[in-house]
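Colleague:
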Amino acid sequence: MSADKPERTERRLAAILAADIAGYSRLMGADEEGTLAALKAIRAELGDPKIAEHRGRIVKTTGDGMLVEFQSVVDAVRCAVALQQGMAAHNVDIPAERRIEFRIGINLGDIIGDAGDIYGDGVNIAARLEALAEPGGICVSRVVHDQVRDKLAVAFDDQGEQQVKNIARPVHVYRVRTGGPAPVTAPLPLPDKPSLAVLPFQNMSGDPEQEYFADGMVEEITTAIARLPWLFVIARNSSFTYKGRAVDVKQVARELGVRYVLEGSVRKAGNRVRITGQLIDTSTGAHIWADRFDGALDDIFDLQDQVASSVVGAIEPRLRQSEIDRAHRKPTENLDAYDLYLRALAEFYRYSEDGFAEAAALLQRALATDPAYAPPAALIGMCRVLQRLNGWGALSDLDVTAALSLARQALDHTRDDPEVMAHAAWTLFYLAGETSLVEAALDRALALNANASIAWHLRGAIHAWRIRPELAIDALDRALRLSPFDPLTRWSAAGVALAHLGARRFQQSLEWADRALHDQPRLNPAMRLKIAALAHLGRLDEARGELARLLAFQPGLTIAGWRAFTTPGAAPEIVELWAEGLRRAGLPEA
Numbered sequence: 236m237s238a239d240k241p242e243r244t245e246r247r248l249a250a251i252l253a254a255d256i257a258g259y260s261r262l263m264g265a266d267e268e269g270t271l272a273a274l275k276a277i278r279a280e281l282g283d284p285k286i287a288e289h290r291g292r293i294v295k296t297t298g299d300g301m302l303v304e305f306q307s308v309v310d311a312v313r314c315a316v317a318l319q320q321g322m323a324a325h326n327v328d329i330p331a332e333r334r335i336e337f338r339i340g341i342n343l344g345d346i347i348g349d350a351g352d353i354y355g356d357g358v359n360i361a362a363r364l365e366a367l368a369e370p371g372g373i374c375v376s377r378v379v380h381d382q383v384r385d386k387l388a389v390a391f392d393d394q395g396e397q398q399v400k401n402i403a404r405p406v407h408v409y410r411v412r413t414g415g416p417a418p419v420t421a422p423l424p425l426p427d428k429p430s431l432a433v434l435p436f437q438n439m440s441g442d443p444e445q446e447y448f449a450d451g452m453v454e455e456i457t458t459a460i461a462r463l464p465w466l467f468v469i470a471r472n473s474s475f476t477y478k479g480r481a482v483d484v485k486q487v488a489r490e491l492g493v494r495y496v497l498e499g500s501v502r503k504a505g506n507r508v509r510i511t512g513q514l515i516d517t518s519t520g521a522h523i524w525a526d527r528f529d530g531a532l533d534d535i536f537d538l539q540d541q542v543a544s545s546v547v548g549a550i551e552p553r554l555r556q557s558e559i560d561r562a563h564r565k566p567t568e569n570l571d572a573y574d575l576y577l578r579a580l581a582e583f584y585r586y587s588e589d590g591f592a593e594a595a596a597l598l599q600r601a602l603a604t605d606p607a608y609a610p611p612a613a614l615i616g617m618c619r620v621l622q623r624l625n626g627w628g629a630l631s632d633l634d635v636t637a638a639l640s641l642a643r644q645a646l647d648h649t650r651d652d653p654e655v656m657a658h659a660a661w662t663l664f665y666l667a668g669e670t671s672l673v674e675a676a677l678d679r680a681l682a683l684n685a686n687a688s689i690a691w692h693l694r695g696a697i698h699a700w701r702i703r704p705e706l707a708i709d710a711l712d713r714a715l716r717l718s719p720f721d722p723l724t725r726w727s728a729a730g731v732a733l734a735h736l737g738a739r740r741f742q743q744s745l746e747w748a749d750r751a752l753h754d755q756p757r758l759n760p761a762m763r764l765k766i767a768a769l770a771h772l773g774r775l776d777e778a779r780g781e782l783a784r785l786l787a788f789q790p791g792l793t794i795a796g797w798r799a800f801t802t803p804g805a806a807p808e809i810v811e812l813w814a815e816g817l818r819r820a821g822l823p824e825a
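Letter by letter, the sequence shown follows residues 236 to 825 of the numbering used here.
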């Protein structure tokens, strides 16, 4: 055996207690000698005896703390509770500014022993838990909690998962109640619409200079989300009271009266920054969205704007879906106008003939419950538009007149909801051909919220129908970037296909029609665009094959019938160009 063979590393499982003194620098600055004397007395009279009593081994001490190893995690927790209770009794007659208060963290994990010292993640996590503890408090990891919860008469408060410095995975943290039960405050009632708080993002860079960037990021996101009128968003000043605190999102929800919490972190490395975010439904604890964003710090403010827009675009449809799911769980007899509207949205997003018909019926029930409620008044028009675009069901003159009347009512009654304004505007454009009023309404919607993807989508569609291809593509591209997960994405792709058709770029029109059909194979307008593009490209066999597939969904379709459900707001040239493509593919005239 070689004499140069390295010694085998000693590993063992141990319970690690890390403690430090809260405000140690302040105490030393005020009275260095008095603080040292008091600390020595506390160690001699309380600390060392309690550690020995619970079979702990002091690994090392620093000026303001200590590291202690225990073979039993039960002994470690008992010792920590005894220390904190002893310190509370010791401090009763001492002025608050002179009190010595410990913060303690306990972890159970694998450690490496070397010359009396110990190392490893087991030790590092204990130190991070100590940093999360309040003065006089104890924080433990999940494994410690699970080991002792049935063995000790100790209560715990779940603090949830915490991302801590230099530890790759989040640590699930519990706070030990060292005294009586924690005070219980009545939760704030939830508002009558979806409610959300954006918590301060954690600065994971280890660079205090980056605090301003993390805080600015949260401020931008809060401002952007607050522009969504269907959301109740907690003001930044209230959310920032949680900065620097280890918080449980369920506790935040109770204290702020919200259903959803958005939290995240910022990590900087060189000139690059990574921002992560996650949206939590506090009623279930479920993560309904999570993502990360990477960028360069060349222009901090531009990066903040980009991330804020991306976060809003990503979470808005997820919030909608979460609210729809919640409404579906409610008993039918307890549905109010808002719940009926959400159920109608679910039917609307099914994108089927039956779905649009059911959505319209639910929206009419919502308006019967609350005649002044603008969102369902505007959405009925969208249902009628999409029924006509697809040729699903014969719309009566009464249906069209009612949809137009409700759209005008929604515009008259709404001055701060971009989504309602956009839905109403599209109804008036597509069913009545009104252009000036509609473009003014969309301008106002985008002035209210430049991130309103639905307004950009509909503005792009109008540009496409009016043969303004570059303006159309620019607006539709913005809609796609702002809300890539929105169910209306397929319509944005179809709008780009229409814009390219108007510009006689038939190959690009074909590609975008295919993209729309990939998301929704039954998107009849996209099928008609694809047929026209193939025909204008001279690929008549393929065009005829696509026409046969379309007629299986729309039997009896003719060019005259199709003209009847195109918008009167369309430029005549694009209608003729599209009709000629359908004609070449073999669609009969009448």
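For every residue, glycine included, the Cβ atom is placed at its ideal position computed from N, Cα and C.
Just verifying my parser: in three-state terms, what is the DSSP assignment at K503?
Modeller: strand
Colleague: Are the CB atoms of F337 and A254 nearer to each other than 8 Å?
Modeller: yes
Colleague: Within 8 Å, do at least three Cβ pairs link the segment 696 to 710 to the segment 764 to 779?
Modeller: no
Colleague: Can you list, in chain order, the residues of its chain with a C-beta nearer than 7 Å to that of R334? Leave out the 5 residues immediately preceding and following it.
Modeller: N326
Colleague: CA-CA distance, D356 and C374?
Modeller: Rounded to the nearest angstrom, the two C-alpha atoms are 16 Å apart.
Colleague: In this structure, how does DSSP classify W691 when only helix, strand and coil are distinguished?
Modeller: helix
Colleague: Quick one, which of Q394, H648 and G291 has its alpha-carbon nearest K485's?
Modeller: Q394
Colleague: Under a three-way DSSP split, which group does F467 fall into?
Modeller: Here F467 sits in strand by DSSP.
Colleague: Give the secondary structure of I256 by DSSP, where H, G and I count as helix, E and B as strand, and everything else as coil.
Modeller: Note: I256 maps to strand in three-state DSSP.
Colleague: Ordered along the chain, which non-local residues of its own chain (more than five positions away) have a Cβ less than 6 Å from that of H289?
Modeller: D310, R313 and C314
Colleague: So is P803 buried or exposed if we call it buried at 16+ other beta carbons inside 10 Å?
Modeller: exposed
Colleague: If V487 and Y477 are in contact, beta carbons under 8 Å, what's the gap, nearest whole angstrom?
Modeller: 6 Å
Colleague: If you follow the alpha helix (DSSP H) that I347 is part of, which residue opens it and which one closes it?
Modeller: Note, I347: premise wrong, no alpha helix (DSSP H); beta strand (DSSP E) at F337 to D349.
Colleague: What are the residues that DSSP puts in a beta bridge with R247?
Modeller: Answer is I346.
Colleague: Please check the pair A714 and A732, which I expect to be a contact at CB under 8 Å, by giving their CB distance rounded to whole angstroms.
Modeller: Contact doesn't hold; Cβ gap of about 14 Å is too wide.
Colleague: Does the beta-carbon distance from A579 to A594 come in below 8 Å?
Modeller: yes
Colleague: Per DSSP, Q513 is paired with what?
Modeller: E498 and A525
Colleague: Out of curiosity, what's the CA-to-CA distance linking D352 and G298?
Modeller: Distance between the alpha carbons of D352 and G298: 17 Å.
Colleague: Helix, strand or coil for Y586 per DSSP?
Modeller: coil
Colleague: Please go through the segment 663 to 691 and give each complete alpha helix (DSSP H) segment of 4 or more residues, from N-terminal end onward.
Modeller: Those alpha helix (DSSP H) runs which fall completely within the segment 663 to 691 and span 4+ residues are 671 to 683.
Colleague: Taking the beta carbon of E267 as the centre, do at least 16 other beta carbons fall within 10 Å, making it buried, or is it exposed?
Modeller: exposed
Colleague: Starting from V406, trace the beta strand (DSSP E) in both directions and tell me its first and last residue.
Modeller: V406 to R412
Colleague: By Cβ distance, which residues of its chain are closer than 7 Å to A761, with the 5 residues on each side in sequence left out?
Modeller: A729, A732, A748, A751 and L752
Colleague: Have a look at K275 and S544 and give me their C-alpha separation to the nearest angstrom.
Modeller: 55 Å
Colleague: Counting C-beta neighbours from all protein chains within 10 Å, is the total for D574 16 or more, i.e. buried, or is it exposed?
Modeller: buried
Colleague: Taking only runs of the alpha helix (DSSP H) that begin and end inside the segment 745 to 805, which ones reach a length of at least 4 residues, in chain order?
Modeller: 759 to 771, 775 to 788 and 794 to 799
Colleague: Since R377 contacts H407 with CB under 8 Å, what's their CB separation in whole angstroms?
Modeller: 4 Å
Colleague: Identify the continuous alpha helix (DSSP H) that holds V207 and give its terminal residues.
Modeller: Any question about residue 207 goes unanswered here, given that the chain covers just 236 to 825.
Colleague: Kindly list the residues whose CB is nearer than 8 Å to the CB of R507, restricted to its own chain and excluding five residues on each side of it in sequence; keep chain order.
Modeller: D529, G530, A531 and L532
Colleague: Can you name, in chain order, every residue of its own chain whose Cβ lies under 8 Å from the Cβ of I346, other than the five neighbours on each side?
Modeller: R246, R247, L248, A249, I251, E304, I353, Y354, G355, G357 and V358
Colleague: Note down, one range per segment and in chain order, each beta strand (DSSP E) of at least 3 residues found wholly within the segment 377 to 403.
Modeller: 390 to 397
Colleague: So if DSSP puts L431 in a beta bridge, which residue, or which two residues, is it bridged to?
Modeller: Beta-bridge pairing links L431 to V468 and Y495.
Colleague: For the segment 608 to 616 against the segment 780 to 787, are there 3 or more C-beta pairs whose distance is under 8 Å?
Modeller: The segment 608 to 616 is not in contact with the segment 780 to 787.
Colleague: Checking 8 Å against the spacing of the C-beta atoms, do N342 and L367 come in under that value?
Modeller: no
Colleague: Are the beta-carbon atoms of L663 and L677 separated by less than 8 Å?
Modeller: no
Colleague: Helix, strand or coil for L302, going by three-state DSSP, please let me know.
Modeller: If DSSP states are grouped into helix, strand and coil, L302 belongs with the strands.
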